[in-house]
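In what follows, a structure is listed as structure tokens, so that the remarks can point back to it.
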Amino acid sequence: MEIDPYSTLGAPTKRTAMGRFDHENVAFLADSANNVAFYMGDDGTPGCIYKFVPSKAFDPDNRSANANLLDSGTLYVAKFNADGSGAWVELSQGKNGLTVGASDPGNWTQFATAPTPVTVDFASQADVLVNTKAAARVAGGTLMDRPEWITAAPDKTVYCTLTNNSGRQQTDAANPRANNLHGHIIRWKEAGDSPLATTFSWNILLLAGDPSLASDNLKGNINGDTFSSPDGLRVDPKGRLWVETDSSTSASYINTFGNNSMYYIAPNGQSKRFLAGPKGCEITGIAYTPDLTTCFINIQHPTGQWPDAAKPPRSSTIVVRRTDGKPMGA
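Everything in the sequence shown is counted per my numbering, starting at 386 for the first residue and increasing by one.
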């Protein structure tokens with residue numbers, strides 16, 4: 386759904402051309418000619434990463450000209466190759482196996498041996514858009530470990546949190562851990578930094594976890610403050626990466642990582658905890674004023690007495706400012 390906060394472009398509208406799956410968030414990348422790509426994660430275990438490229442450029446000077454920008458365009462699914470290259474595979478009826486009688490391999494990464502494929506009919510583009518998850522698998526999209534937030538940095542690097550996938554049995558280069566309890570963060574650069582590119586290069590920024598854990602599969606490689614299950618993600622206008630977590634709130638997780646928190650990942654890769662949430666919550670939602678003096682963060686589904694000890698727990702939005710009024714990180 387697209388909702389215009391200024392209420393000038395009409396009622397909230399379902400943008401069917403962007404595909405039907407468990408949409409988590411959307412991020413965009415634009416070029417100097419105002420061509421734009423919208424990136425989306427399918428919050429599933431596993432799920433794929435998608436890109437939607439509108440049929441025309443956006444008009445920065447005329448909002449009404451962009452009213453139906455998301456109704457027409459090309460939907461792609463990401464394929465991460467083992468050599469660090471990647472491709473955007475078009476999800477259009479009649480291309481890349483999306484035909485009547487297509488063979489859907491299913492979520493095969495969750496099994497020790499691949500299950501028997503099922504037949505899916507893609508007789509029209511509507512079939513592709515309604516059954517986008519199956520279309521992505523048929524076309525060869527890489528099944529990722531629960532892709533949630535995506536963000537595009539000022540230097541055109543795109544980041545995605547892969548929160549976790551404890552059911553993964555078959556691994557690949559982009560999802561290298563079986564029983565991935567703690568998740569990881571992946572990043573890529575489009576060829577020529579272009580939103581219209583159909584190829585990209587990628588690498589894993591970090592594997593979440595903690596070196597105190599017994600299994601090598603759970604230790605991760607975080608430099609600094611460790612965390613599990615990265616979820617919320619955003620790069621601010623100064624190029625700083627912020628990560629929020631949505632890990633289990635069981636005692637074993639709390640003893641290792643503490644409550645769900647928000648972290649700053651420095652340019653040298655060092656992780657620094659910025660804040661910790663109350664008991665039982667997920668930290669989510671990152672927004673800030675243009676001058677970076679005020680940050681807005683959501684505290685979701687707390688179980689402790691938050692924010693008022695005399696009342697039942699409630700989800701809340703908090704506002705964070707420096708006491709001296711300077712921008713974050715000044």
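Each residue gets a CB set at the ideal place from its N, CA and C atoms; glycine is no exception.
For residue i and residue j, which I take to be in contact (beta-carbon distance under 8 Å), what is that distance rounded to the nearest angstrom?
i, j, result
"Val505", "Ala521", "Wrong, their Cβ atoms sit about 11 Å apart, outside the cutoff."
"Phe585", "Gly471", "4 Å"
"Leu414", "Lys623", "Rounded, the Cβ-Cβ distance is 18 Å, inconsistent with contact."
"Tyr673", "Phe659", "Rounded, the Cβ-Cβ distance is 12 Å, inconsistent with contact."
"Ser614", "Ala593", "7 Å"
"Pro431", "Asp530", "6 Å"
"Ala487", "Gln554", "About 24 Å; that fails the 8 Å criterion."
"Thr536", "Tyr544", "5 Å"
"Asn516", "Ala563", "About 28 Å separates the two Cβ atoms, so there is no contact after all."
Is residue i helix, strand or coil when you go by DSSP?
i, result
"Val485", "coil"
"Gln655", "strand"
"Asn550", "strand"
"Trp691", "coil"
"Thr498", "coil"
"Gln478", "coil"
"Phe437", "strand"
"Arg531", "coil"
"Lys464", "strand"
"Ser449", "helix"
"Thr536", "strand"
"Leu566", "coil"
"Leu367", "With the chain running from 386 to 715 in the structure shown, residue 367 is simply not present."
Is the CB-CB distance between residue i and residue j below 8 Å?
i, j, result
"Leu547", "Ala402", "no"
"Leu590", "Ile607", "no"
"Phe423", "Phe443", "no"
"Asn549", "Leu566", "yes"
"Cys433", "Leu581", "no"
"Asp610", "Asp631", "no"
"Ile703", "Ile682", "yes"
"Ala559", "Phe406", "no"
"Asn644", "Ala661", "yes"
"Gly404", "Tyr435", "yes"
"Glu409", "Trp534", "yes"
"Asp427", "Pro532", "yes"
"Gly665", "Thr688", "yes"
"Val485", "Phe507", "yes"
For the alpha helix (DSSP H) holding residue i, just list the boundary residues, first then last.
i, result
"Lys574", "Not the alpha helix (DSSP H): Lys574 falls in the beta strand (DSSP E), residues His569 to Glu575."
"Tyr638", "Ala636 to Phe642"
"Arg405", "Unbroken run through Arg405: none, as it is neither H nor E."
"Asp427", "No alpha helix (DSSP H) contains Asp427, which is instead part of the beta strand (DSSP E) from Val421 to Asp427."
"Thr702", "Not the alpha helix (DSSP H): Thr702 falls in the beta strand (DSSP E), residues Ser701 to Arg706."
"Thr517", "Thr517 to Ala524"
Buried or exposed for residue i, please, with buried defined as at least 16 other CB atoms from any protein chain shown within 10 angstroms of its CB.
i, result
"Pro500", "exposed"
"Ala348", "Residue coverage of the chain in this structure runs from 386 to 715, which leaves residue 348 outside it and unanswerable."
"Gly714", "exposed"
"Thr393", "exposed"
"Thr709", "A quick correction: the sequence has Asp, not Thr, at residue 709. Per the 10 Å Cβ criterion, exposed."
"Ser646", "buried"
"Val620", "buried"
Hey, could you find the ends of the beta strand (DSSP E) residue i is sitting in?
i, result
"Leu454", "No beta strand (DSSP E) contains Leu454, which DSSP labels as neither H nor E."
"Leu592", "Thr584 to Leu592"
"Thr556", "Note, Thr556: premise wrong, no beta strand (DSSP E); not H, not E."
"Arg619", "Pro615 to Val620"
"Thr669", "Glu667 to Tyr673"
"Asn683", "Thr679 to Gln685"
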